[in-house]
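Data first, discussion second: the structure below is written as structure tokens.
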Amino acid sequence: MGKLSKKLIVYLDQNFISEMAKVESKKEASRQFKNIYELLHLGFIDEKIVVPASWFHKVETSLSPSLKEKIARCQGSLGQICMNFPEDIWRFQLGRAAKEFLGEERVESINHSVAFHENPDQRTRMLEVKIDSHLERFNYRDERILTAKKLDQLRKSIEENKIDYKEQLQKELKAQADFLKQQESYTFRYLFKNNPKKVDEFLESNYFKEMPAVSIYSQMWTKLLTHYKDRKIRSSDMTDVNIISTFFPYVDVLATDSFMANLAKESGLDKRYRTAIFSSKQKSLKSFEIYLRDYLANSKPVNIPKASIFVLSDNSIKNHSFELFYDLGVMSGDISYSEEWVDIYGFDDGNMPKYQLKKELKLSLPFYGLQSVHVIKIQPNTSCLEVLKICRERCRSEKFVLVDSYRKPPSNFVETLIRHCESGKNQILNYKIHSKRAQSKTQKNIPK
13 MGKLSKKLIV YLDQNFISEM AKVESKKEAS RQFKNIYELL HLGFIDEKIV VPASWFHKVE
73 TSLSPSLKEK IARCQGSLGQ ICMNFPEDIW RFQLGRAAKE FLGEERVESI NHSVAFHENP
133 DQRTRMLEVK IDSHLERFNY RDERILTAKK LDQLRKSIEE NKIDYKEQLQ KELKAQADFL
193 KQQESYTFRY LFKNNPKKVD EFLESNYFKE MPAVSIYSQM WTKLLTHYKD RKIRSSDMTD
253 VNIISTFFPY VDVLATDSFM ANLAKESGLD KRYRTAIFSS KQKSLKSFEI YLRDYLANSK
313 PVNIPKASIF VLSDNSIKNH SFELFYDLGV MSGDISYSEE WVDIYGFDDG NMPKYQLKKE
373 LKLSLPFYGL QSVHVIKIQP NTSCLEVLKI CRERCRSEKF VLVDSYRKPP SNFVETLIRH
433 CESGKNQILN YKIHSKRAQS KTQKNIPK
């Protein structure tokens with residue numbers, strides 16, 4: 013279970029996202045990135061893991077427009093939530109720290125809404141609508157390069173003046189205080205009722221200095237500038253530090269480049285915030301893969317459907333495939349946004365019908381038409397026992413029905429199925445309602 017959610021929250025930096033986006037081209041992606049992607053996708057589909065997107069991802073993607081579509085598809089297959097804007101998270105921390113400093117009795121509790129735009133534990137949807145911000149129109153690359161040059165000049169100045177960690181940390185904290193005092197003047201006026209003396213006292217206090225965003229940012233930059241004097245500041249460093257200082261306390265796993273992973277561990281962030289850190293080094297990728305396999309094998313789905321419908325097409329179903337899936341899709345859609353829903357699966361033996369929505373559009377549709385269906389590929393003449401085994405392996409609900417011959421379902425078929433599953437009935441129409449419990453408890457559908 014995550015810190016702010018029942019699902020495990022895994023934050024991937026842009027390097028991981030880009031590598032996983034190449035999985036579909038197969039030749040470009042390494043085997044370990046492919047394995048990790050498949051495990052994260054399985055965890056996402058199985059309601060156990062969510063990989064959030066963020067503003068930083070959008071900016072980073074704008075710098076590699078050729079990968080934009082692949083990255084969007086990759087993110088959509090791993091998560092359907094976004095982190096809040098960094099400024100919103102900083103303001104929450106600032107307000108909370110100021111109220112604690114002022115001794116207010118009721119201080120806002122930390123929950124998922126602090127860091128996430130949506131509830132991480134919400135049910136996974138088959139479809140997700142995304143809006144392209146087209147950030148490639150803005151010149152983020154030159155801005156990052158200019159920032160890196162200024163920071164590198166600072167690094168050289170620190171080395172020349174022999175400034176140690178302790179002294180530089182105080183400078184960083186002072187710079188943070190000055191920045192926030194300037195940028196958040198309205199917030200300070202509101203919280204401290206136009207009392208500048210109290211503002212200054214707060215900014216000198218540990219309430220301010222121990223704010224996660226301030227503390228992490230100051231410590232990481234201080235360590236980077238004083239302990240790595242021979243390392244030139246890179247254009248990505250500012251973004252990486254901003255990501256860690258903003259999101260680290262609210263996620264369960266962070267996957268980032270090897271330098272930033274080591275820097276975060278050296279700063280003790282993993283132990284302080286109970287966040288696992290993995291890097292793109294081969295050894296760490298293997299550890300990440302083992303970590304995910306273990307989590308998937310030992311955790312339960314957060315959300316499960318009330319029932320599942322598996323459609324095994326004989327000739328009668330193939331002759332009415334579009335109609336059958338349309339009926340099931342419409343009925344399941346009527347309840348899909350409530351706590352009760354059904355999963356629909358369709359077996360594909362390689363000889364399924366295809367449809368054309370409109371001749372003039374020349375739009376070819378699969379055997380399930382426009383419905384939300386999980387497709388399971390099988391070999392022709394797969395035995396009934398093997399089909400039932402697959403159903404039990406893939407099924408997330410406790411009960412399922414195998415539709416293996418065509419009958420036009422009544423308009424209340426899905427609702428009736430849910431009620432039959434709840435009441436323990438074992439048949440609907442002429443279809444048997446099966447139990448998942450025939451599957452061994454040790455069986456896990458985790459890719460090897």
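In this note's numbering, the protein residues as written are 13 to 460.
Ideal Cβ placement from N, Cα and C applies to all residues, glycine included.
Computed from a predicted model, the values in this text were never measured in an experiment.
Minimum Cα-Cα distance from Leu237 among the listed residues Ser89, Gln44, Gly358, Asn173 corresponds to Asn173. With contacts defined as CB atoms closer than 8 Å, Gly55 and Leu304 qualify as a contacting pair. With a cutoff of 8 Å on beta-carbon distance, Ile321 and Val415 are scored as near each other. If you compare the alpha carbons of Asn442, Ile57, Ser66 with that of Leu90, the shortest gap goes to Ile57. Around the beta carbon of His124, 16 or more other beta carbons sit within 10 angstroms, so the residue counts as buried. If you look at Tyr357, you'll find it in the beta strand (DSSP E) that goes 354-360.
Sequence-distant Cβ neighbours of Lys277 in its own chain, meaning closer than 7 Å and more than five residues away, are Ile289. Beta-carbon to beta-carbon, Cys396 and His446 are separated by about 11 Å, too far to satisfy the 8 Å threshold. DSSP lists Ser291 as the bridge partner or partners of Thr268. Looking at Val387, Met95, His332, Glu352, the one whose alpha-carbon comes closest to that of Val22 is Met95. Cβ neighbours of Trp102 within its own chain (closer than 6 Å, five residues either side excluded): Ala225. In the structure shown, the three-state DSSP call for Ser217 is coil. Taking a contact to require three or more Cβ pairs closer than 8 Å, the stretch 310-325 and the stretch 264-272 do not qualify as touching. Glu184 and Pro64 have their C-alpha atoms roughly 29 Å apart.
Each of Lys210, Asn424, Leu377, Asn315 was checked against the Cα of Asn131, and the nearest Cα belongs to Asn315.
Taking each of Gly381, Gln180, Leu281 in turn and checking the Cα distance to Lys241, the smallest one comes out for Gln180. Less than 8 Å divides the Cβ of Ala160 from the Cβ of Asp249.
Taking 8 Å as the cut-off, the beta carbon of Gly341 is found closer than this to the beta carbon of Gln383. Apart from sequence neighbours up to five positions away, no residue of its chain approaches Glu398 with a beta-carbon distance below 6 Å. Apart from sequence neighbours up to five positions away, the residues of its chain that approach Val426 with a beta-carbon distance below 6 Å are Met343, Ser344, Val354, ordered along the chain. With 16 or more other Cβ atoms from the protein chains shown falling within 10 Å of its own Cβ, Pro421 counts as buried.
The three-state reading of DSSP puts His239 in helix, counting H, G and I together. With contacts defined as CB atoms closer than 8 Å, Tyr418 and Ser328 qualify as a contacting pair.
Per DSSP, reduced to three states, the secondary structure at Lys183 is helical. In the DSSP assignment, Ile101 falls within the unbroken alpha helix (DSSP H) covering 98-113. In the DSSP assignment, Leu52 falls within the unbroken alpha helix (DSSP H) covering 43-57.
Taken through DSSP and simplified to helix, strand or coil, Ile316 comes out as coil. If you check the CB distance, Met223 and Ala309 do not come in under 8 Å. Rounded to whole angstroms, the separation of the alpha carbons of Leu24 and Thr268 is 6 Å. For Ser447, the enclosing beta strand (DSSP E) starts and ends at 443-447. Using a Cβ distance threshold of 8 Å, Val253 and Tyr229 count as a contacting pair. Around the Cβ of Tyr380, a 10 Å sphere holds 16 or more other Cβ atoms; the residue is buried. Counting along the chain, no beta strand (DSSP E) covers Val263, and no H or E run does either. Residues Ile29, Ser30, Ala33, Thr73 of the same chain have their beta carbon placed closer than 7 Å to that of Ile83, with the five preceding and five following residues left out of the count.
In this structure, the alpha-carbon of Leu106 lies about 17 Å from that of Phe128.
When Thr251, His332, Glu155, Ser217 are compared, the shortest CA-CA separation from Met232 is found for Thr251.
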